[in-house]
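Each residue of the sequence shown is one higher than the last, beginning at 48 in the numbering used here.
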Amino acid sequence: MQSNNIPKITTKETEYLREQYPSLSHLEAGNIAQWLQERKDGLFEMARASENEADMTRVLGLLASGIGAVCYAVNPLALVGGLIGGAAWLWFIVEHSNRTKEIAPLPFVRGNFIDALALLGDYDARSNYQADHLANTVKFLERQSAEEYTFLHAEFENIVQYLTQVEPGKRFYAYRWMFGWFGKLKGRQLPTYESMALT
């Protein structure tokens with residue numbers, strides 16, 4: 048039973064989508080700003096976890112490759128482990144490059160490796176580079192989740208204003224509708240509340 052008797056409009060097609068969003072009852076009950084902030088924080092935590100996993104993949108891949116290369120003289124089977132580690136490292140580099148258009152071969156180096164090399168002697172540029180850590184962390188999310196984080200970051204007030212006017216039970220779908228338009232507009236600013244209310 049829903050809290051406060053708030054209706055829940057669900058179909059078989061949308062049930063899976065709703066399960067990906069925690070605490071929807073808070074959104075439908077009118078705690079819109081809190082729910083949006085919680086969703087944004089949750090996406091950032093997912094990005095940090097993915098970033099940590101990516102760092103471990105690169106560390107273990109480089110470590111296995113190094114051990115395989117060094118220990119090959121002692122045991123030829125060590126080369127197999129080194130090749131597997133090297134393949135894991137290379138797979139991550141290619142997959143990450145396809146998604147973000149950045150080359151990031153070393154763990155714990157954020158952003159494009161070539162840009163990081165260019166910043167080695169420039170303290171001010173390195174400071175700005177560290178300030179961009181948030182954007183570089185979000186890149187570790189899957190594309191859809193990264194777009195949703197950008198949507199929440201760029202349009203927070205607009206989303207709150209619009210969802211406040213939507214009746215309970217329909218706020219989640221209105222949120223997804225706005226997110227869909229944000230994707231169609233390729234991140235350009237959404238229409239104002241007044242123009243959206245007329246549709």
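Every residue gets a Cβ at the ideal spot worked out from N, C-alpha and C, and that includes glycine.
Source: prediction; values computed, not measured.
Requested in this report: Could you tell me the boundaries of the alpha helix (DSSP H) in which Q84 lies?
Outcome: For Q84, the enclosing alpha helix (DSSP H) begins and ends at 79-118.
Report task. Could you please give the first and the last residue of the uninterrupted alpha helix (DSSP H) stretch that includes K231? Result -> Start and end: 218-231.
Requested in this report: Reducing DSSP to helix, strand and coil, say where A134 ends up.
Outcome: The answer is helix: DSSP assigns A134 an H, G or I state.
Report task. Report yes or no: do the region 128-141 and the region 109-116 share at least 3 C-beta pairs separated by less than 8 Å? Result -> Short answer: they touch.
Query raised in the report: If you run the structure through DSSP and keep just helix, strand and coil, what is L126?
Result: Helix.
Requested in this report: Reducing DSSP to helix, strand and coil, say where Y68 ends up.
Outcome: Note: Y68 maps to coil in three-state DSSP.
Requested in this report: Tell me, to the nearest whole angstrom, how far the beta carbon of A201 is from that of F139; I am working on the premise that it is less than 8 Å.
Outcome: The Cβ separation is near 29 Å, so there is no contact.
Query - Backbone CA spacing between F203 and A193 [nearest angstrom] - result: Note on geometry: alpha-carbon atoms of F203 and A193 lie some 15 Å from one another.
Query raised in the report: Between F198 and S97, is the Cβ-Cβ spacing less than 7 Å?
Result: No, the Cβ-Cβ distance between F198 and S97 is not below 7 Å.
Report task. Check E189 in the structure and name its three-state DSSP category. Result -> Note: E189 maps to coil in three-state DSSP.
**Report entry** Selection from G230, G89, I206 that minimises the alpha carbon distance to F219
**Finding:** If we check each option's Cα against that of F219, I206 comes out closest.
**Report entry** Assumed close pair A111, Y119 - CB separation to whole angstroms, cut-off 8 Å
**Finding:** About 12 Å separates the CB atoms of A111 and Y119; that is not less than 8 Å, and the two are not in contact.
Report task. Please classify E62: does DSSP put it in a helix, a strand, or coil? Result -> Note: E62 maps to helix in three-state DSSP.
Query raised in the report: Using the C-alpha atoms, what's the distance from P154 back to M103?
Result: About 8 Å.
Query raised in the report: If you count every other CB in all the chains shown that lies within 10 Å of the CB of R190, and 16 or more means buried, which is it?
Result: Exposed, since its Cβ has fewer than 16 Cβ neighbours within 10 Å.
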